[in-house]
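All residue numbers for the sequence shown refer to numbering that gives the first Met the number 0, where the first residue is 0 and numbers rise by one. The next block holds one structure in the form of structure tokens; read it before the comments.
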Amino acid sequence: MIVLGIETSCDETAAAIVADDRRILANVVLSQLEDHRPYGGVVPEIAARAHLKHLNGLIRQALSEAGLGLDRLDGVAATAGPGLIGGVMVGVMTAKAIAAARSLPFLAVNHLEGHALTARLTDNLPFPYLLLLVSGGHTQLLEVSGIGDYRRLGTTIDDAVGEAFDKTAKLLGLGYPGGPLVEQAALDGDPARFPLPRPMMGRPGCDFSFSGLKTAVRQAVHALPPGPLTDRDVSDIAASFQQAAADSLADRTGRGVAMFRERHPAGGALVVAGGVAANKVLRSRLTALAETASLPFVAPPLPLCTDNAAMIAWAGLERLKLGLTDPLDFAPRPRWPLDPDAAPAIGAGVKA
Ligand code: KG4
Ligand code: ZN
0 MIVLGIETSC
10 DETAAAIVAD
20 DRRILANVVL
30 SQLEDHRPYG
40 GVVPEIAARA
50 HLKHLNGLIR
60 QALSEAGLGL
70 DRLDGVAATA
80 GPGLIGGVMV
90 GVMTAKAIAA
100 ARSLPFLAVN
110 HLEGHALTAR
120 LTDNLPFPYL
130 LLLVSGGHTQ
140 LLEVSGIGDY
150 RRLGTTIDDA
160 VGEAFDKTAK
170 LLGLGYPGGP
180 LVEQAALDGD
190 PARFPLPRPM
200 MGRPGCDFSF
210 SGLKTAVRQA
220 VHALPPGPLT
230 DRDVSDIAAS
240 FQQAAADSLA
250 DRTGRGVAMF
260 RERHPAGGAL
270 VVAGGVAANK
280 VLRSRLTALA
290 ETASLPFVAP
300 PLPLCTDNAA
310 MIAWAGLERL
320 KLGLTDPLDF
330 APRPRWPLDP
340 DAAPAIGAGV
350 KA
């Protein structure tokens, strides 16, 4: 079986073709980074227009790279939420049009499910496992037990961790997106120079919080002598922030691991996904944590950790194999929690 996947929920326009034997036949991603850079963040209207402009060409490119025509497809999957609704609509309408024109099954995929199932595409990982999803829009711990069987163990009660990296970078004048630049600046910084808070550390449960840390970084910057920040200041603040964020993530994930172990005394794995999974300090903390818990640590290759369409095609394939197709009147969902039983996080913003 072969499925075309489409991803347009944020600032990446992407199309991919994946086979059910886990081969990625094509995986094209067009980043809109340059379109949004002047604004220091993603502008929804600009994103929607850019998806509209580029998506058809990217699908054509994916088909040509895979050496396939539309007649070889067994289904069309698109991210149907959560995300910026204008962009989601572009992807869903395009997928529906192809499905209608070719009488193919349509699969409305939850973007988070795409991230959650990637480790099965890359590592053939069996259920259940624990997923830490850390990106610009999400910070969640999910117990993944089967297709459509997700239990949210924790989520951020305010900002996503990627957002905190981006805001810190902006404050330090490093540019956008901030994560990689903060990591770079932190390399020769002193993580102990600024005593920043470790949000939620030691609290019961495994929810996250990053807005207090963000505020503490701002206060630390403002407490410095007036004038431009020195390179040393920038490096030390970046390192102190990164250390605090990693400490907090490791503490919460440790609790998630304990909760997972209680329910699954044997088997399982710790999986990380999302753009922040690129961070080496975080990776080494998670590696150590998994080792202590005797869990394998699975980190999909970076291009499949960040937003892409291969993960959407794969989630579509998993659903198609179970006959879980969707009607053509499926309405895109700006908010769409994976775990419908999870209570909305207090103070959670528009990002799911
Ligand atoms: O998954 P992603 O590409 O897009 C979504 O947010 O859905 O994640 C992007 C986020 C940005 O906030 C970016 O600053 C962060 O991931 N990021 C990093 C690193 N690389 C990307 N954060 C920390 N360290 C990194 N090396
Ligand atoms: Zn994502």
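For every residue, glycine included, the Cβ atom is placed at its ideal position computed from N, Cα and C. In this text the structure is predicted, and so the values were computed from the model without any measurement.
Any non-hydrogen atom of the ligand MN within 7 Å of residue i CB
| i | result |
| --- | --- |
| Phe-240 | Only the ligand KG4 and the ligand ZN can be found as ligands here, which leaves the ligand MN out of the picture. |
Helix, strand or coil at residue i according to DSSP, with G and I counted as helix
| i | result |
| --- | --- |
| Gln-139 | strand |
| Thr-12 | strand |
| Val-133 | strand |
| Gly-201 | coil |
| Ser-283 | helix |
| Ser-239 | helix |
| Val-41 | coil |
| Leu-186 | coil |
| Asn-307 | coil |
| Leu-24 | strand |
| Leu-120 | helix |
| Leu-212 | helix |
| Leu-32 | helix |
| Pro-225 | coil |
| Asp-338 | coil |
| Pro-179 | helix |
| Gly-174 | coil |
| Phe-259 | helix |
| Leu-51 | helix |
| Leu-195 | coil |
Near the ligand KG4: residue i beta-carbon under 7 Å from a heavy atom
| i | result |
| --- | --- |
| Val-91 | no |
| Ser-134 | yes |
| Thr-7 | no |
| Asp-34 | no |
| Pro-179 | yes |
| Thr-305 | yes |
| Asp-165 | yes |
| Ala-185 | no |
| Pro-225 | no |
| Leu-277 | At residue 277 the sequence reads Ala, which differs from the Leu that was named. Checking the Cβ of Ala-277 against the ligand KG4 gives yes. |
| Pro-176 | yes |
| Glu-354 | The question about residue 354 has no answer here: the residues shown for the chain are numbered 0 through 351. |
Residues sharing a beta bridge with residue i, DSSP
| i | result |
| --- | --- |
| Tyr-149 | Val-143 |
| Phe-105 | Val-75 and Asp-325 |
| Phe-296 | Leu-269 |
| Gly-80 | Asn-109 |
| Gly-4 | Ala-15 and Ala-76 |
| Phe-126 | None, per the DSSP bridge assignment. |
| Phe-207 | Thr-155 |
| Ile-58 | Paired residue(s): none; Ile-58 is not in a bridge. |
heavy atom of the ligand ZN below 7 Å from residue i C-beta
| i | result |
| --- | --- |
| His-50 | no |
| Gly-161 | no |
| Gly-273 | yes |
| His-110 | yes |
| His-114 | yes |
Own chain partners of residue i with C-beta closer than 6 Å, once the 5 adjacent residues on each side are dropped
| i | result |
| --- | --- |
| Ala-287 | none |
| Arg-254 | Cys-205 |
| Ala-347 | In this prediction, Ala-347 scores a pLDDT of 47, lower than 50, which makes its location untrustworthy; the coordinate-derived value is nonetheless stated afterwards. Once the five neighbours on either side are set aside, Ala-347 has no close Cβ partner at all. |
| Ala-314 | Val-108, Glu-112, Gly-113 and Leu-116 |
| Arg-318 | Leu-106 |
| Ile-311 | Gly-4, Glu-6, Ala-76, Thr-78, Val-108 and Gly-113 |
Other residues of its chain near residue i: CB distance less than 7 Å, five sequence neighbours each side excluded
| i | result |
| --- | --- |
| Pro-331 | Ala-79, Gly-80, Ile-84, Val-87, Met-88 and Val-91 |
| Asp-246 | Arg-197 and Met-200 |
| Val-42 | His-35 |
| Ala-49 | Thr-12, Gln-31 and Asp-34 |
| Thr-252 | Leu-131, Leu-140, Leu-285 and Leu-288 |
| Val-349 | With a pLDDT of only 38 at Val-349, under 50, the local geometry of the prediction cannot be trusted, and the value read off the model is given with reservation. Cβ neighbours of Val-349 beyond the five flanking positions: none. |
Contact set for residue i: own chain, Cβ-Cβ below 8 Å, skip 5 residues either direction
| i | result |
| --- | --- |
| Ala-244 | Val-160, Ala-163, Phe-164, Phe-209, Leu-212 and Leu-281 |
| Val-181 | Phe-164, Thr-167, Ala-168, Leu-171, Leu-173, Ala-237, Phe-240 and Gln-241 |
| Asp-338 | Leu-141, Tyr-149, Arg-150 and Arg-151 |
| Pro-302 | Asn-26 and Val-28 |
| Gly-177 | Phe-164, Asp-165, Lys-166, Thr-167, Ala-168 and Lys-169 |
request  = Flag this pair as touching only if the region 75-83 and the region 101-108 have three or more C-beta atom pairs under 8 Å; answer yes or no.
outcome  = Touching, yes, given that three or more Cβ pairs across the two stretches are closer than 8 Å.
ask   = Should the region 188-195 be regarded as contacting the region 223-238, the criterion being three or more beta carbon pairs within less than 8 Å?
value = yes
message = Is it the case that the region 325-339 contacts the region 16-34, given that we only count it when at least three CB pairs across the two stretches are under 8 Å?
response = no
inquiry  = With three or more C-beta pairs closer than 8 Å as the rule, is the region 50-58 touching the region 9-17?
reply    = yes
query = Can we say the region 257-272 touches the region 293-302, given the rule of at least three CB pairs closer than 8 Å?
reply = yes
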